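Each remark here refers to the structure printed beneath this line.
In UniProt numbering, the protein residues as written are 1 to 206.
This is the structure:
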């Protein structure tokens, strides 16, 4: 399996910000905490619109195990084509002649949302690299994923196996790739005041 690299840089926008930074700031912007650059930069705005569309389509894929609506694939591909720069691509298995490719950024978005679906976990940086072809012809990938975990009663040791399970399941079910190796790193710990309030309310009721 080949990986095609159109640039040595990691998705740097014309304004100088990395696409990874735009992803990491999506929640902050939705909460009204945009910085001065984000309020005025057209490049960040275009990247943000693309990532939000892709995240919404990915959410529907993960949350609906049954047959997806007929327009879902078209919505996802429109979002993928709208990426500011395609960057690296991965080959996908196909029964038809010819090659099918998907951008690493699109795969990373699916995996980030899979991690975000675990309560108390927020995905940060994600890298996907080809790892060859398995004995049964499956296309293998190595994944490096860093996450932030919420400070609270749930132990990190309980959360990480769930994240691994979601990532492992999302790759073949939603993309057609198979996980060869997952390097999972805890990059940060965050506090969620709303979660603390909910926990306290539950304790008071008991």
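Each residue gets a CB set at the ideal place from its N, CA and C atoms; glycine is no exception. Since this is a predicted model, take the numbers as computed values, not measurements.
Residue pairing for residue 27: DSSP places it in no beta bridge.
Rounded to the nearest whole angstrom, the C-alpha separation of residue 159 and residue 181 is 18 Å. Around the Cβ of residue 155, a 10 Å sphere holds fewer than 16 other Cβ atoms; the residue is exposed. The criterion of a C-beta distance shorter than 8 Å is not satisfied by residue 109 and residue 100. In the three-state reduction of the DSSP assignment, residue 146 falls in the strand class. If you check the CB distance, residue 105 and residue 19 come in under 8 Å. Under the three-state reduction of DSSP, residue 130 is assigned to strand. When the beta-carbon positions are compared, residue 147 and residue 163 come within less than 8 Å of each other. Here DSSP, grouped into helix, strand and coil, assigns residue 189 to strand. Annotation for residue 101: the continuous beta strand (DSSP E) segment containing it runs 100-103. If you look at residue 40, you'll find it in the alpha helix (DSSP H) that goes 36-40. As computed with DSSP, residue 18 is found in a beta bridge with 12.
If you look at residue 92, you'll find it in the beta strand (DSSP E) that goes 89-92.
By alpha-carbon distance to residue 91, the top candidate from 40, 187 and 175 is 175. Out of 117, 178, 36 and 34, the CA that lies nearest to the CA of residue 136 is found in 178. Straight-line measurement puts the Cα of residue 46 at about 29 Å from the Cα of residue 142.
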